[in-house]
Each structure stands twice: as structure tokens, then as C-alpha cells.
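Participant: Take a look at the following structure, please.
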Amino acid sequence: MCAMRPEPDHAPGDSGPGKLDRPDHPSPDQQGWKAVLTPEEIRRALSRIAHEILERTHGGEGIVLLGIPTRGVYLARRLAARIGEFEGAPAPVGSLDVTMHRDDLRLRPARALQRTEVPPDGVDGKTVVLVDDVLFSGRTVRAALDALNDLGRPRSVQLAVLVDRGHRELPIRADYVGKNLPTAHREAVRVLLSESDGGDSVLLGESDQ
Amino acid sequence: MNKHLISAGDLSREDAVLILDTAAELASVAGRPIKKLPTLRGRTVVNLFYEDSTRTRASFEAAAKRLSADVINFSAKGSSVAKGESLKDTALTLEAMGSDAIVVRHPASGAPRRLADWTSGRVINAGDGTHEHPTQALLDAFTIRQRLVGPDQRGKGLDGVRVTIVGDILHSRVARSNVLLLDTLGAEVTVVAPPTLMPWAIETWPCKASYDFDAELRKTDVAMMLRVQQERMSAAFFPTVREYRRRYGLDTGRMALLPEHAIVMHPGPMNRGVEIAAEVADSPRSTIVAQVANGVTVRMAVLYLMLGGAAEGAA
């Protein structure tokens, strides 16, 4: 009844982009996968996003960074640390699990839940910046907006993603984008981060489906 | 994991840890302004109770409602069961009404297993006769893990935790489910009972057995006291309540002999002054109130994992 399946990568066939969580990650030199962002580029993209967040929110006043598990959380923590370096005070950071709010729950066996951690001050009246690794159909972000709704009433909600690969299925856009990556629908995007995958890179390849 | 939850023995360690981890995440929902998730919208859960129960029925109802499922409560009293309808016909009737899961409590051991053969929906055993009560064992395991394994509990079992279950083991479905589940999770379980209340084939259970409570106190991390179930005792199993209390009741003197970190559990309802002294039940070591709160969370986890994903065959 509750067998766990590996979460999908950002490949077609999914009704929403989940997080990549399979043990057999391809290494960058593996055939069929092309690195589209190097560790250096990822670092610069995150620094730029951190600056943009500070600019748009007047020095990060009242912001809360909420990462969407798994890799969005690592990115949110990195952004919070950058903001701390630039402004002296680290931004409050947390995580927001969207599993219970997904629209594709009934298409697959029940999935294990990830952690939701909201900073002690909560989200009421705050500017919440949702952070995810890849923006694809937009369904994960929709689920995140619903999940956020149950936690409180933020003053505004913004979205930061490392990669926007297009093919939106809902009227959702990102406020901060690390890289716009034009992709074919059949292609897959994999974000690897040192926190979980032993190194930073973004790969583009053919979907194995 | 299986389609139904009939016995705690059906759960693999992986399944059990997944349920506890899911419950740990769902516990935060209880602290939110909106204690509700949309996950089971459109699913129907039937509470089919052939025995009196307050906490288990209410707990399942609260769990299902927090996940936005529709709940139909069906108790034997004042229903067509009183007119002689069989379990099978009742089940078929409920299924025709579109139930996705039946939570069943029945005085006959094995009734949920039979029910599972007759219905296409999921069956969750909420206590059958003197057989099993798996969700109680899950919430007990969750409470133990929360109190003794601590905040870093995700993914962990109960390896090495010494649990002593004391009382009417013979009639207790809570004891049987707990022994099976706690053993799966790696705990060392000892059951303590007067000889008359010890099951016959106790040596086939995955636990140790003892008649002497005092000898076990110092090597106990969790003392789980069972209710003396007068309603299930057709014969005299011990001479007097006073004698039972003196040998097997947990009073302040015995509690003082437990290790510093040890906790005291009781599945409820309690007979204060019989198996547990009032001062012990109200002490900070007692997890009795936490067990009730955890019951809702653990049942949410079970309902989510059984009903939240794809329906038949996909798992």
C-alpha cells in the first residue's frame, strides 16, 4: 500500500515536476547528459538571485525563504547564507513540503512526506520567497501556494528557481531565475547539489521514458 | 505493505518506520491554525464499531476529518445489526454506499480478516476480540520513539529499548499487537502477568515472559500497564483486586525503582488504583495524554498511506 517509488526527475510524463531522488545519478560525463551549468555558474546565479531578492524587497525586510524539498531546501539555505554575507543578518529560512497538496497524488502510490519547517516568527505579514530547483509545469508551485495558505497569510509570495525549463501548464512565473533553459518537452533536467549528490551541476539529457 | 491493516505482524520494519516518519511530519499539523489537509478529499471512511469505544472511534474520526475524508459512523447499537444483519451484509451495504476504507472494531477475533475477503475497499483493524489492535501499537511505538529516541528520530526504529508490558496479557489485543510491532522495530519486550493471565503459548511470541514485576523494574525503559479487563473475564483469574494491585500494580514505590529516563504508558481507559496508581498516572513520566494526541496523528499517517496514493494495484 505504501511502497515508496523513487521520485521522478523533471521529465515529461509526470503531471508535475517532482524532485530527483534516485540513487543512480548520472555523473556529468555519463553518456547522453550534457552539463548546462557548472558549479561556478550555479554559485554566480545564486549570488545574483540573492542580490535581486535584496533589491526587490528593500534589503530583505520581512522576508522568509521557504525551500521546497528536497533540493529547493538546499538552495534556500544557500540563498539565506548569501543574503547574510551581503547584509550582515541571515534571512530566516525554512522548508515547505507540498506532498499533501499535490494534484497527482492519486496517480502514484502514497509518497513519504518531507519536512515542513517554518521559522519561529511564522509567515503572517511576511514576504515569502519560495525556492525550488526546476520550474517546469508549475504544478509544484501551485501545491506550494496551497500549502502556504494553511500556514498563514503572507503579505506577498515570490518564487525563485535555479532553472526555468519552460512548458508551463498553469499561469505561474518565477520572480528570480538562475537560468532560462529552453528544452524540448521530452528532455529531462537534473539538478545535482553537493548537499545530496556530491557536487553541483545542472544536466540536460534525453528522458529515459 | 499490504492492502489492509489487520495485524501489526503484517508490517515490515520499513513499513512501520515509514508510518512513524509520516506521523512525525503530520504532528506539526495539530499546531497550525488550520488543522486540515486536503489530501483525502472525496474519499469515504466508514467507522464500523461493534463494540463500545470512545477514544479509538473519535481518534479515527478526527484523523479522517483532518485529511478531509468523509466519515460515516456506524455503530452496532441502534442499527440494522440489532435487527440481525450479518457482518457480510453490513459490509456489502457500506460498500454500495461508496466507502473506500472500513475501520472495524468487533468482539470476535478475526472478524476484520473475514471482512477483508468480502469488500474491495481497505480494511483497518481497530481492535478485534482478544486478537489485535495494530494502530494502538503504532501510536505506542510512536510515543516511545518521540520520548526516548528524541528529535533526531526520522528513519529510526526502537533498537535496544526495553519495554515491559504488564497485566492481562491473555485478553489483551494491545499486548499482542505491541509485542509483534515492537519486536519488528528492534525493541526488547518482556511481558509480565500472573500465571492465570499469561497466554498458553507465550514462548512462541517474540518476547520474554515473567511472573515477577519487581524483578523487571530496573531493566525497563518503558513500563506499559494494561487495563484489567473485567468485561472479558468469565472466570476468576486472580483472588482479589487488592492482591493484583500489590503484585502487578504500578505505584509510586515501584515507579521509583524504574531508571531515571523511563516512561509509563497506558492504552486507556485506566482503572486508577488497580493497575496504575493515580499519582503515577498524573506524573510527568506518564505519557497517557500524549498517547491520545499521538493516536490522531498516527491514524492520519495510516489513512494517508493507505488511501492517499493511487488506488488498486499501483502499489
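Chains as they are written, first to last, in the working numbering: chain A, 477 to 685; chain H, 26 to 340.
Here a beta-carbon is modelled for each residue, glycine too, at the ideal position from N, C-alpha and C.
Taking 9 Å as the threshold (beta carbon to beta carbon), is A588 (chain A) in contact with chain H?
Facilitator: By this cut-off, A588 (chain A) is an interface position.
Participant: What do you get for I59 (chain H), buried or exposed, if any count of 16 or more other CB atoms within 10 angstroms of its CB means buried?
Facilitator: Burial call: exposed.
Participant: Step through the CB atoms of chain H and report whether any lies within less than 9 Å of the CB of D573 (chain A).
Facilitator: Chain H, which has a Cβ nearer than 9 Å to the Cβ of D573 (chain A), makes this yes.
Participant: Could you say which of A:G570, A:S523 and A:P585 lies nearest to L555 (chain A) if we only look at CA atoms?
Facilitator: For L555 (chain A), the nearest C-alpha among the options comes from A:S523.
Participant: Could you check the C-alpha separation between L92 (chain H) and R644 (chain A) for me, to the nearest Å?
Facilitator: L92 (chain H) and R644 (chain A): Cα-Cα distance of roughly 29 Å.
Participant: Taking the beta strand (DSSP E) that H661 (chain A) belongs to, which residues open and close that run?
Facilitator: Element bounds for H661 (chain A): n/a, residue is neither H nor E.
Participant: Consider the Cβ of Y329 (chain H): report whether some Cβ of chain A lies at a distance smaller than 9 Å.
Facilitator: Output row for Y329 (chain H): interface = yes.
Participant: Report the three-state DSSP secondary structure of W230 (chain H) (helix, strand or coil).
Facilitator: It is coil, neither helix nor strand.
Participant: When you compare only the Cα positions, how much space is there between V54 (chain H) and Y329 (chain H)?
Facilitator: Cα to Cα, the separation comes out at about 14 Å.
Participant: Going by other Cβ atoms of all chains shown within 10 Å of its Cβ, with 16 needed for buried, is P493 (chain A) buried or exposed?
Facilitator: Confidence at P493 (chain A) is low in this model, with a pLDDT of 41, below 50, so its placement is unreliable and the value that follows should be read with caution. So P493 (chain A) counts as buried.
Participant: Could you name the residues of the same chain whose beta carbon sits closer than 6 Å to that of E528 (chain A), not counting the 5 residues immediately before and after it, in chain order?
Facilitator: Cβ within range, chain order: Y652.
Participant: State the DSSP-derived secondary structure class of R179 (chain H), mapped to helix, strand or coil.
Facilitator: The answer is coil: DSSP assigns R179 (chain H) none of H, G, I, E or B.
Participant: Can you find at least 3 beta carbon pairs, one from the stretch 155-168 of chain H and one from the stretch 38-53 of chain H, that sit closer than 8 Å?
Facilitator: Yes, the stretch 155-168 of chain H touches the stretch 38-53 of chain H.
Participant: Verify the CB distance criterion: does G628 (chain A) have a CB-CB separation below 9 Å to chain B?
Facilitator: Of the protein chains in this structure, namely A and H, none is chain B.
Participant: Listing by chain order, which chain H residues have their CB less than 8 Å from the CB of T592 (chain A)?
Facilitator: Per Cβ cutoff of 8 Å: E50 and S53.
Participant: Span of the beta strand (DSSP E) holding G274 (chain H)?
Facilitator: Note, G274 (chain H): premise wrong, no beta strand (DSSP E); not H, not E.
Participant: Counting only beta-carbon atoms, is R618 (chain A) nearer than 9 Å to chain H?
Facilitator: No, R618 (chain A) lies away from the interface with chain H (no Cβ there is under 9 Å from its Cβ).
Participant: Consider the Cβ of R57 (chain H): report whether some Cβ of chain A lies at a distance smaller than 9 Å.
Facilitator: Chain A contact via Cβ: present.
Participant: Ends of the alpha helix (DSSP H) at Q171 (chain H)?
Facilitator: Run containing Q171 (chain H): none; DSSP gives neither H nor E here.
Participant: So does the stretch 29-49 of chain H actually touch the stretch 532-547 of chain A, counting three or more Cβ pairs closer than 8 Å?
Facilitator: These segments do not touch.
Participant: Please confirm if L581 (chain A) has its CB atom under 9 Å from at least one CB of chain H.
Facilitator: True, the Cβ-Cβ gap to chain H drops below 9 Å.
Participant: Under three-state DSSP, which class holds V42 (chain H)?
Facilitator: Here V42 (chain H) sits in helix by DSSP.
Participant: Any beta-carbon of chain A closer than 9 Å to the one on K61 (chain H)?
Facilitator: Closer than 9 Å to some Cβ of chain A, the Cβ of K61 (chain H) qualifies, so yes.
Participant: Run through the DSSP bridge pairs and tell me what G189 (chain H) is partnered with.
Facilitator: It should be pointed out that residue 189 (chain H) corresponds to Thr in this sequence rather than to Gly. Partner(s): H:T215 and H:A248.
Participant: Hey, is D622 (chain A)'s beta-carbon within less than 9 Å of any beta-carbon in chain H?
Facilitator: Yes, D622 (chain A) counts as interfacial toward chain H.
Participant: So, does the stretch 172-183 of chain H touch the stretch 220-233 of chain H, judging by three or more C-beta pairs under 8 Å?
Facilitator: No contact exists between the stretch 172-183 of chain H and the stretch 220-233 of chain H.
Participant: Cutting at 7 Å between CB atoms, please list the residues of its own chain near K113 (chain H), excluding the five before and the five after it.
Facilitator: Cβ neighbours of K113 (chain H) beyond the five flanking positions: W143.
Participant: What are the residues in the stretch 64-86 of chain H lying within 8 Å of chain A by C-beta distance?
Facilitator: Correct list: T64.
Participant: Hey, quick one: how far does the alpha helix (DSSP H) through Q634 (chain A) stretch, first residue to last?
Facilitator: Run containing Q634 (chain A): none in the alpha helix (DSSP H); it sits in the beta strand (DSSP E), S632 to D640.
Participant: Give a yes or no on whether the minimum CB-CB distance between H577 (chain A) and chain H is below 9 Å.
Facilitator: Judged by the 9 Å Cβ criterion, H577 (chain A) is in contact with chain H.
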